[in-house]
Structures are given as structure tokens and as C-alpha cells.
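Undergrad: Quick one: the structure is below, questions incoming.
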Ligand SMILES: Cc1cc2nc3c(=O)[nH]c(=O)nc-3n(C[C@H](O)[C@H](O)[C@H](O)COP(=O)(O)OP(=O)(O)OC[C@H]3O[C@@H](n4cnc5c(N)ncnc54)[C@H](O)[C@@H]3O)c2cc1C
Ligand SMILES: Cc1cc2nc3c(=O)[nH]c(=O)nc-3n(C[C@H](O)[C@H](O)[C@H](O)COP(=O)(O)O)c2cc1C
Ligand code: FES
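Residue numbers (our numbering), protein chains in the order written: chain A, 1 to 288; chain B, 1001 to 1307.
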């Protein structure tokens, strides 16, 4: 990116989007909410994977997401959830099967984690812009934190393999590493793999060979270290961010994150954003 | 219930609508939705008219995030009216919106009387625009009064802008006023073609971790089913106070909710927050409403309902 392109442009409410902020692309979503039958509910330590049938939906791109809800929705903690919740597609199989990886962190995820085979997921999607392929013969390097490994699994499938570095808080969460092929694992408490942060592993990898394109998804603090590490080595990085979303299709303007070009609606101009477009990956209201 | 009952064509201040369901301003972006859903959006457009998000003279980036907080049965938003400003809206968005299969209602807001004059004059000469909605939920920076909270402000404003356009002028009332009916009457007496209500109700949430305001704008506006009862009461009261048509909204989720507002006196019903849960909610609600009207013997003030 030239120095001129980096100059901060006047902030504008609408997505500038002449030149997309992410190298990725989208598959159009059918225009309505539809039911997708849950085929299987599987527990991976602290996470639940729901595999469902979506016969009326197109095959999504890696990095795209869906807004999910259940038929009984509401009446949980704080009389929530009311709005649907955003989830990256974890895997897209044959016969219109899609899978989602869910961590129970509040009333919406709690309700979704309860769903059993035979019940319906209500979904809108695929939404947003997904990952873009590496350029200049760079090797893809996947970096995931916690439930943020979800979009990396489908991307690893589509790339036909890629090195993966994943970090988790503890052993029950580290079970999620099984969703990726040959992942190097770090845990905060050292119970599995490297004791410490996944970004320790990333630093080591990039110091060995920085000719990579990094694809990362995880908590804001992790993404911010990935951004800083990659920027220092001029390694391109595509970050799948999160922000609070009400609609997922550009209707509410609630999901904005700041970029060098002003606020963008993460649901339509992300969630995958080129790291060079960000001054920070720390998103207000996200993370614990 | 007959899910395929014919929708009843409706008329709002001379604008022909295929059915009585439109969108609430700022709750559906047809241009973004076309990027996400493609031409299916045009073929299956869920509303009988499209109401734009509020347009201001100068571009606005909107409030800092976080902008959303979920409540029991509702949502608090502090979006802060982000928009590209009048000049770019006219050049970029209006031509795109002309591709929609329904009439376009442009919602505008000015921080001074002069700004409202500029906005109304600019849209008045554009054929793409069927009607204007005036969002008066903001302070007049000259008087410090919230335009829509004070009947005198509304009278003064409409006296200036009413003569500037032949297009219908809908005044969007704020529920954060002491006497909404008095404001509605002032609007009617100064030539408003219709009134719309309710806008969001001021609300607030604290970050459970810090105890500080969660929303980047400190306070925000509550919408969704949580405000439906308030909307019904205000629509009912305004309908008794004015004779001009009412565009009613606030927490509508299904045909029954829409019918309630029509029975309370509305001509047209707008759907806002429910579209966030299902982008095609407008279509479902208009079908449910048509089925209810076909099957019901309900009448308003003794006359059969035409909905
Ligand atoms: C594009 C995208 C992809 C995602 N992919 C995945 C995925 O693959 N797997 C996964 O598990 N998660 C994913 N998420 C995150 C997931 O959407 C959230 O965890 C979920 O919305 C939380 O909902 P909840 O009701 O369970 O929790 P909430 O109670 O909503 O809590 C989650 C966070 O929201 C905030 N919060 C708390 N109360 C409120 C309130 N009343 N209103 C607003 N905010 C509040 C707090 O910051 C809290 O930590 C993704 C998010 C995005 C944007
Ligand atoms: C996210 C959001 C943004 C809104 N933006 C606007 C706006 O720009 N201008 C306006 O007049 N009303 C705006 N509104 C108010 C709605 O048009 C409507 O009056 C209100 O939400 C009540 O209807 P509902 O409960 O069906 O959402 C907004 C509402 C929401 C939820
Ligand atoms: S979530 Fe509504 S605009 Fe992005």
C-alpha cells in the first residue's frame, strides 16, 4: 500500500468500499430468514459444534458468517436473547451442510448450545466478506484464539492445508484444536502445548520466515498483537473481527469499528479486514 | 388464517401503497441490503414504500461504539445519525434508490431552521422522492429546544418549510415530549400532511463490568416490543387529536401488532427493529395483516376497517 493511500481520509458514515477493506469476497444470501435442521450436536470440551442442513442456502466463503437464532428465543438471563447472534461458518460440507462452533458466554449462545439434533436453527446468511487468497506466493499462516478458530477451519479446508497456530485459555477449550489439522497449540495455563500466548508461536514462525499471509481470528487483544507483529515485519494480515451486531446486513449501523478510513459497518465491509486498514484491532465493547 | 389474503392497497397523502407496511427510518438500508441479498431484494421488496435513514446537511460519522445494547424484548441504540450528508446523498444514493419498486420517502433532519429549508428545497425538486419525513427529534442549536418537543418550534419550522414543496411532508414526532398531542396538532395546523410516531424512547445501560455508561453516546433510544404499549397509547391519543393520517410504529412484530395500531387510528404501519431479526419481516407482517383484516369483523369507530 502506498503512503498516499494510507493518508487518513475524511471520516464518512457510509462504507467507503470503492476499494474493499478486505481482499475477500461474498456469496449473496437468500433474502429471508430460513430454518436449518440441526443434524448433529457435538461437544468439543468447552465448545459445542452444531452441524445443520441448509438446503436453500448457497455455499458460503470462508470468513463469512450467519445470524443465528432458535425458535424459542428469549426468556433466558435478563429476559434475553431478543436479537439473533453472529457466528462464523466453521465448516461447509457436502449436501448443503454447514457447521458452527459455539461457546456459551451469555443467553444467546447458551440457548444455541442447548439445541439438539432434530431442532431448527433459524438463520440469515451467508453474510459479510470472507478471506482473500494469499498473494506473491506467500504461505498462508492461520492464527486462532479460542472460539476464533471457527473461520480458520473452513479456510484451512479451502486452502487445501495451511499451518495453524491456536491458543486457548485451558485444556477444555484446547479440545477445539481438533477442529484444525496439525495445529500447534498454546494454552494460558500450560495444560496443553506451549505455556503462554499463541502470538509467542506466531513471533517464532515469522522470525523463521516472514514471507507469509497471516489469517487471524480471536479476542481483540490477540488480534492487536497479531496486527503489531505483522506490521513490524511487513507481513500482510487479514483479521476476522467481532463487534456487537443487531442485524448483520447493514441495516442498523450498530456494528461499526474504526479504521484508517473512518468507521465501517463490520457486517457488510468485514468481518475480515485487512490489518493495514486498522490503527487498532481493539474493538469497543468486545472481549472480557 | 389465510396466509395468502390479498394485500389492501392503501393511500398516504396521495401516495399509492400496495399495502400498509413500510419501514421505520434508519432500520433498513436498501443499498447495503442489495449488496448482501442481490436482486432478490428488489424482486421481494418487503415494504410498500422505502423510508431512508435520516439525511443531514453535513456528513456525520455517528457516535463512537459501542452503539447497541439488548434489553428485555428490545434494543437501545446510540447510532448518532451517521450519513454521507446532503450533497453526496443526492449524487450517489438517490439514483440507486430510484431502482426500488416502491415510492421513496426521504427522512431529513436539520440543526437549524436554515438547514431544514436547505434539505426540503433540495429534495423537493427530485422526482425520485415521493414524500419527505421531518425528523424533529434533535435540538435546534439556535434556541436550544428540541424541535419536536415544543409545539411552538414545530409551528415555526413548518411555516418556513411547508411553502417550499408540493410533496407530502410527514412530521416524525418524538415520544420524549411532555405533550405529544399538542405537538401533533401544531404540525397539522401548520400544514403537515401526516405525522409519524413513535421514534425511540430515551434509555440507558451501564457496563456491568465498570458501572459506566455502556453506549458510546451515553444514552440511546429504546425500540422493539419493549416500547409497543407506549406506541399504542401515543398513536391512540394523537389519532383523537388530529385528522391527518398517522404512520404508526413501535415494536411491531406481526400482523396483530400492526392491526392494533391501525385500530388505534393509524393509516400506515412501519416496521423497524423486527427487520433486524428477519430482513423479510415486512413481507410476513403485511401478509398476516391482510389475513387478519379479511377474516375479522373488527371495525374502527363503527366503520369497517380498511386495512
Ligand atoms: C462476525 C462474528 C462472528 C462470530 N463468530 C462466532 C463463532 O463462530 N462462535 C462463537 O461462539 N461466537 C462467535 N461470535 C461471537 C458471538 O456472536 C457472541 O458471543 C454472541 O453474540 C454472544 O451472545 P450472548 O447472548 O451469548 O452473550 P451476551 O450476553 O450478549 O454477551 C456477549 C458480550 O456482549 C456484551 N453484552 C453483555 N450484555 C449485553 C447486552 N445486554 N447488550 C449488548 N451487549 C451485551 C458484553 O461485552 C459481553 O461480553 C461472532 C461474532 C461476530 C460479530
Ligand atoms: C438502530 C436504529 C436506528 C434508527 N435510526 C433512525 C433515524 O435515522 N431516523 C429516524 O427518524 N428514526 C430512526 N430510528 C427510529 C425508528 O424509525 C422507529 O421510529 C423506532 O425504532 C420504533 O420502531 P420499532 O420499535 O419497530 O423499531 C431508528 C431506530 C433504530 C432501532
Ligand atoms: S449489524 Fe446492523 S449494520 Fe452491521
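All C-beta atoms, glycine included, are put in the ideal place defined by N, C-alpha and C.
The model shown is predicted, which means the values in this text are computed figures rather than measured ones.
Hey, could you find the ends of the beta strand (DSSP E) residue 238 of chain A is sitting in?
TA: Boundaries of the beta strand (DSSP E) around residue 238 of chain A: 237–240.
Undergrad: Would you say residue 1044 of chain B faces chain A, with C-beta separation under 8 angstroms as the test?
TA: Contact of residue 1044 of chain B with chain A is assigned, a C-beta pair being separated by under 8 angstroms.
Undergrad: Does DSSP put residue 1210 of chain B in a helix, a strand or coil?
TA: coil
Undergrad: If contact means a Cβ-Cβ distance below 7 angstroms, which residues of the region 1074–1100 of chain B contact chain A?
TA: Of all residues in the region 1074–1100 of chain B, 1074, 1075, 1077, 1079, 1082, 1083, 1084 have a Cβ within less than 7 angstroms of some Cβ in chain A.
Undergrad: By the criterion of Cβ-Cβ separation under 9 angstroms, what are the contact partners of residue 1027 of chain B in chain A?
TA: 247, 251, 252
Undergrad: Counting only beta-carbon separations shorter than 8 angstroms, does residue 1115 of chain B have a partner in chain A?
TA: It does not: the Cβ of residue 1115 of chain B has no partner Cβ on chain A nearer than 8 angstroms.
Undergrad: Report the neighbours of residue 1137 of chain B on chain A: residues whose CB is nearer than 7 angstroms to its CB, in chain order.
TA: Below the 7 angstroms Cβ cutoff, chain A contributes no neighbours of residue 1137 of chain B, its closest Cβ being approximately 16 angstroms away.
Undergrad: Span of the beta strand (DSSP E) holding residue 343 of chain A?
TA: The requested residue 343 of chain A is not part of the displayed model; chain A covers only 1 to 288.
Undergrad: DSSP on residue 49 of chain A, reduced to helix/strand/coil?
TA: In the structure shown, the three-state DSSP call for residue 49 of chain A is strand.
Undergrad: Could you pull the start and end residues of the alpha helix (DSSP H) that residue 1069 of chain B belongs to?
TA: Premise fails: residue 1069 of chain B lies in the beta strand (DSSP E), 1068–1071, not in any alpha helix (DSSP H).
Undergrad: What does DSSP give as the partner residue(s) for residue 67 of chain A in the beta ladder?
TA: A:86, A:124
Undergrad: Consider the Cβ of residue 79 of chain A: report whether some Cβ of chain B lies at a distance smaller than 8 angstroms.
TA: yes
Undergrad: Check each candidate in A:193, A:163, A:247 and name the one with the smallest Cα separation from residue 182 of chain A.
TA: A:163
Undergrad: How would you write the range of the alpha helix (DSSP H) that residue 1168 of chain B sits in, first residue to last?
TA: Premise fails: residue 1168 of chain B is in no alpha helix (DSSP H) and is neither H nor E.
Undergrad: Going by alpha carbons, who is nearest to residue 1170 of chain B out of B:1275, B:1062, B:1287, B:1267?
TA: The option with the nearest alpha carbon to residue 1170 of chain B is B:1267.
Undergrad: For the candidate residues B:1100, B:1249, B:1186, B:1036, whose alpha-carbon lies nearest to that of residue 1148 of chain B?
TA: B:1186
Undergrad: Which residues, taken in chain order from the region 250–275 of chain A, show a beta carbon closer than 9 angstroms to some beta carbon of chain B?
TA: 250, 251, 252, 253, 254, 255, 256, 257, 258, 262, 263, 265, 267, 268
Undergrad: Do residue 194 of chain A and ligand 1 come close, with the Cβ less than 7 angstroms from some heavy atom?
TA: no
Undergrad: Alpha carbon to alpha carbon, how far is residue 1165 of chain B from residue 1159 of chain B?
TA: 12 angstroms
Undergrad: Using only the heavy atoms of ligand 2, determine whether one of them is closer than 7 angstroms to the beta carbon of residue 1138 of chain B.
TA: no
Undergrad: Taking 8 angstroms as the CB-CB limit, is residue 1224 of chain B close to chain A?
TA: So yes, residue 1224 of chain B belongs to the interface.
Undergrad: In this structure, what does DSSP give as the bridge partners for residue 99 of chain A?
TA: A:51, A:91
Undergrad: What residues from the region 103–135 of chain A come within 7 angstroms of chain B, judged by C-beta to C-beta, listed N to C?
TA: Contact residues of the region 103–135 of chain A toward chain B are 124, 127 (C-beta to C-beta distance below 7 angstroms).
Undergrad: Rounded to the nearest angstrom, what separates residue 234 of chain A and residue 1027 of chain B at their Cα positions?
TA: Residue 234 of chain A and residue 1027 of chain B: Cα-Cα distance of roughly 40 angstroms.
Undergrad: Any C-beta of chain A sitting closer than 8 angstroms to the C-beta of residue 1202 of chain B?
TA: no
Undergrad: Give the secondary structure of residue 1009 of chain B by DSSP, where H, G and I count as helix, E and B as strand, and everything else as coil.
TA: Coil.
Undergrad: Please check the pair residue 143 of chain A and residue 228 of chain A, which I expect to be a contact at CB under 8 angstroms, by giving their CB distance rounded to whole angstroms.
TA: For residue 143 of chain A against residue 228 of chain A, the beta-carbon gap comes to about 13 angstroms, at or over 8 angstroms, which does not count as contact.
Undergrad: Please state the DSSP three-state secondary structure of residue 269 of chain A.
TA: helix
Undergrad: Can you round the beta-carbon distance between residue 952 of chain B and residue 1074 of chain B to whole angstroms, since I take them to be within the 8 angstroms contact cut?
TA: Because chain B in this structure spans residues 1001 to 1307, residue 952 of chain B falls outside the shown range and cannot be described.
Undergrad: At the 8 angstroms Cβ level, is residue 150 of chain A part of the contact set with chain B, yes or no?
TA: no
Undergrad: Tell me the residue span of the beta strand (DSSP E) that contains residue 205 of chain A.
TA: First-last for residue 205 of chain A: 198–208, but that is the alpha helix (DSSP H), not the beta strand (DSSP E).
Undergrad: Is the number of C-beta pairs between the region 1213–1224 of chain B and the region 1061–1081 of chain B that are closer than 8 angstroms three or more?
TA: Between the region 1213–1224 of chain B and the region 1061–1081 of chain B there are three or more inter-stretch CB-CB distances shorter than 8 angstroms, so the stretches are counted as touching.
Undergrad: Is it buried or exposed for residue 1255 of chain B, if we count other Cβ within 10 angstroms and need 16 for buried?
TA: The residue in question, residue 1255 of chain B, is buried, as its Cβ has 16 or more Cβ neighbours within 10 Å.
Undergrad: For residue 6 of chain A, count neighbouring Cβ atoms within 10 angstroms of its own Cβ and tell me buried if that reaches 16, exposed if not.
TA: Unreliable positioning characterises residue 6 of chain A in this predicted model, as indicated by a pLDDT of 32, which lies under 50. The coordinate reading is nonetheless provided below. The residue is exposed, with fewer than 16 neighbouring Cβ atoms inside 10 Å.
Undergrad: Label residue 1199 of chain B either buried or exposed according to how many other C-beta atoms from any shown protein chain fall within 10 Å of its C-beta, with 16 as the threshold for buried.
TA: buried
Undergrad: Measure the beta-carbon distance from residue 1045 of chain B to residue 1100 of chain B and round it to whole angstroms, keeping in mind my assumption that it falls under 8 angstroms.
TA: 6 angstroms
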